[in-house]
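S.K.: Just add 1112 to wherever you are in the sequence shown, counting from 1, and you've got our numbering. Even glycine gets a Cβ: it sits at the ideal position worked out from N, Cα and C. Since this is a predicted model, take the numbers as computed values, not measurements. Following this message is one structure expressed as structure tokens.
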Amino acid sequence: MVKYILRVIGLLLAKLIRLWVRVTGRKVRKIDAPWLQCPMGPAGTIGVEFYTNLANGEGLSIEDSADAGLIPDFNVLASDDFKPDYVIDRVRDFYERTSRYTLEAWSEAPFPTRIFLWGLTRCISRQMNQLNFPVSSLELAGGMSSKILPMVDGDGQRIYTGWSRCLIKSKQVIYTGLYSSAKPGGDGPPCVKVSFPLPLGSATVFLRPVVEEDGSFRLISSGSCFGDPGFYRMVEVDEDHWRVRYIKTLREFFHVYVDERGTLRTDHLVRFLGLTVLRLHYRLERNSTGGD
């Protein structure tokens, strides 16, 4: 009975969110905003099968590579404000050869946003099997899988890079994401672009790269208006248009660094309306497989 009630609540909330985006979002012609282009999710569940369905639908192949990275060439992020050569080599290696790494994760959701996050995951995320944020580190006690899925066309050109992360014990999907680089607004400095397919839509995030004096690396999804780095909630209206809501109060921050013991780590912070919603911490361990 409880599961049924949560399911009904989740369906209603998901529809209300899509309606909110349709009513308040900006109507955008797809041809005018290629920087926003991304696959939309089907109605219903997303899950890891999204990658196979996307590849089959677009005539792509999913490569099985032990050496694949989220960003095949880190230099694509270069701009007047960001110099990739100043980033620590080990950080760069993680992004260019992500498949070589095993991730160990911890999470913390502070009160009172913990209640909001719990409701979101129980009512909506579990139904669509996407964005199942770990509210407690106990949910991560069984481990988290990480798999890079390069998706290439007939000429071998990479079209998408999938990164699937799941809770090993429950098989729930934390992230089904698609990674690339793009210039928000069409003419801004290059950012890391991450798209999360959602039922009949997408959540797309543009993260601005920053290198610190110590060579550590930050990604920041923060801006003030449409066309800036940040969070874009998208709903497909028809084959030529989207409705897009830029949510400037939803921000993410990543810091990838080497600690005093020589361990590669990442701090991930999610904030909404000025409140901390979720903290994640990763230890990134490089495997010996895949060669050097």
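(1) How many whole angstroms separate the CB atoms of Cys1235 and Ser1257, which I take to be in contact at a CB cut-off of 8 Å?
(2) Apply the 10 Å Cβ neighbour rule to Tyr1344 and answer buried if 16 or more other Cβ atoms are within range, or exposed otherwise.
(3) Going by DSSP in three states, Trp1275 sits in which element: helix, strand or coil?
(4) Take Thr1210 and list the residues in its own chain whose beta-carbon comes closer than 8 Å to its own, dropping the five residues that flank it on each side.
(5) Just to confirm, are Thr1233 and Val1389 a CB contact at a threshold of 8 Å?
(6) Is Ser1334 helix, strand or coil by DSSP?
(7) Tell whether a beta-carbon distance below 8 Å holds between Ser1328 and His1380.
(8) Can you tell me whether DSSP reads Leu1376 as helix, strand or coil?
(9) Three-state secondary structure (DSSP) at Asp1192?
(10) Got a sec? Which residues, its chain only, sit under 6 Å from Arg1330 by beta carbon, not counting five neighbours each side?
(11) Exposed or buried, what is Gln1242 when buried is set at 16 or more other beta-carbons lying within 10 Å of its beta-carbon?
(12) Quick one, are the C-beta atoms of Pro1151 and Leu1290 less than 8 Å apart?
(13) Tell me, please, whether the stretch 1181 to 1200 touches the stretch 1161 to 1168 by the rule of three or more beta-carbon pairs shorter than 8 Å.
(14) Out of Gly1339, Thr1288, Gln1284 and Lys1305, which has the shortest C-alpha to C-alpha gap to Thr1164?
(15) For the stretch 1214 to 1225 against the stretch 1264 to 1275, are there 3 or more C-beta pairs whose distance is under 8 Å?
(16) Taking Asp1176 as the reference, give the member of Phe1186, Val1264 and Gly1122 with the closest Cα.
(17) Can you tell me whether Pro1184 is helix, strand or coil according to DSSP?
(18) Short check: CB of Arg1398 to CB of Arg1204, under 8 Å?
(19) Report, in whole angstroms, the separation of the C-beta atoms of Glu1348 and Gly1313, which I expect to be a contact under 8 Å.
(20) Considering only residues of the same chain and omitting the five flanking positions on each side of Phe1338, which have a CB-CB separation below 7 Å?
(21) DSSP three-state call for Lys1360: helix, strand or coil?
(22) Residues in its own chain within less than 8 Å of Ala1190 by CB, not counting five upstream and five downstream?
(23) What would DSSP say about Ser1258, mapped onto helix, strand or coil?
M.R.: To lay it out plainly:
(1) The residue labelled residue 1235 in the question sits at position 123 within the sequence shown. The residue labelled residue 1257 in the question sits at position 145 within the sequence shown. Not confirmed; about 24 Å, so no contact.
(2) Counted from its first residue, the sequence shown places residue 1344 at position 232. So Tyr1344 ends up on the buried side.
(3) Counted from its first residue, the sequence shown places residue 1275 at position 163. Strand.
(4) Here residue 1210 refers to the residue found at position 98 of the sequence shown. Ala1180, Gly1181, Leu1182, Ser1258, Ile1260 and Trp1275.
(5) As a position in the sequence shown, residue 1233 is number 121, starting the count at 1. As a position in the sequence shown, residue 1389 is number 277, starting the count at 1. It is not a contact, given that the beta carbons lie outside the stated cut-off.
(6) Indexing the sequence shown from 1 puts residue 1334 at position 222. Three-state DSSP puts Ser1334 in coil, outside helix and strand.
(7) As a working note, residue 1328 is residue 216 in the sequence shown. As a working note, residue 1380 is residue 268 in the sequence shown. Not in contact: Ser1328 and His1380 (Cβ atoms no closer than 8 Å).
(8) Here residue 1376 corresponds to residue number 264 of the sequence shown, with the count starting at 1. Leu1376 falls in the strand class under three-state DSSP.
(9) On the sequence shown, position 80 is the one that residue 1192 refers to. Three-state DSSP puts Asp1192 in coil, outside helix and strand.
(10) Taking the first residue of the sequence shown as position 1, residue 1330 is located at position 218. Within its own chain, the residues whose Cβ lies closer than 6 Å to the Cβ of Arg1330, once the five positions on either side in sequence are excluded, are Val1322 and His1367, listed in chain order.
(11) Here residue 1242 corresponds to residue number 130 of the sequence shown, with the count starting at 1. With 16 or more Cβ atoms within 10 Å of its Cβ, Gln1242 is classed as buried.
(12) On the sequence shown, residue 1151 is found 39 positions in, with the first residue counted as 1. On the sequence shown, residue 1290 is found 178 positions in, with the first residue counted as 1. It is a contact, given that the beta carbons lie within the stated cut-off.
(13) Touching, no, given that fewer than three Cβ pairs across the two stretches are closer than 8 Å.
(14) As a position in the sequence shown, residue 1164 is number 52, starting the count at 1. Per the Cα distances, Thr1288.
(15) no
(16) On the sequence shown, position 64 is the one that residue 1176 refers to. If we check each option's Cα against that of Asp1176, Val1264 comes out closest.
(17) In the sequence shown, the residue the question calls residue 1184 occupies position 72. Note: Pro1184 maps to coil in three-state DSSP.
(18) To locate residue 1398, count along the sequence shown from 1; it is residue 286. To locate residue 1204, count along the sequence shown from 1; it is residue 92. No; because the gap between Cβ atoms is not below 8 Å, this pair is not in contact.
(19) Stepping through the sequence shown from its first residue, residue 1348 is reached at position 236. Stepping through the sequence shown from its first residue, residue 1313 is reached at position 201. About 7 Å; that satisfies the 8 Å criterion.
(20) Within the sequence shown, the letter at position 226 stands for residue 1338. Arg1138 and Tyr1358.
(21) Locating residue 1360 in the sequence shown gives position 248, where the first residue counts as 1. If DSSP states are grouped into helix, strand and coil, Lys1360 belongs with coil.
(22) In the sequence shown, the residue the question calls residue 1190 occupies position 78. So the list reads Pro1196 and Pro1302, once near-sequence residues are dropped.
(23) For the purposes of this step, residue 1258 is taken as residue 146 along the sequence shown, with counting starting at 1. Correct three-state label for Ser1258: strand.
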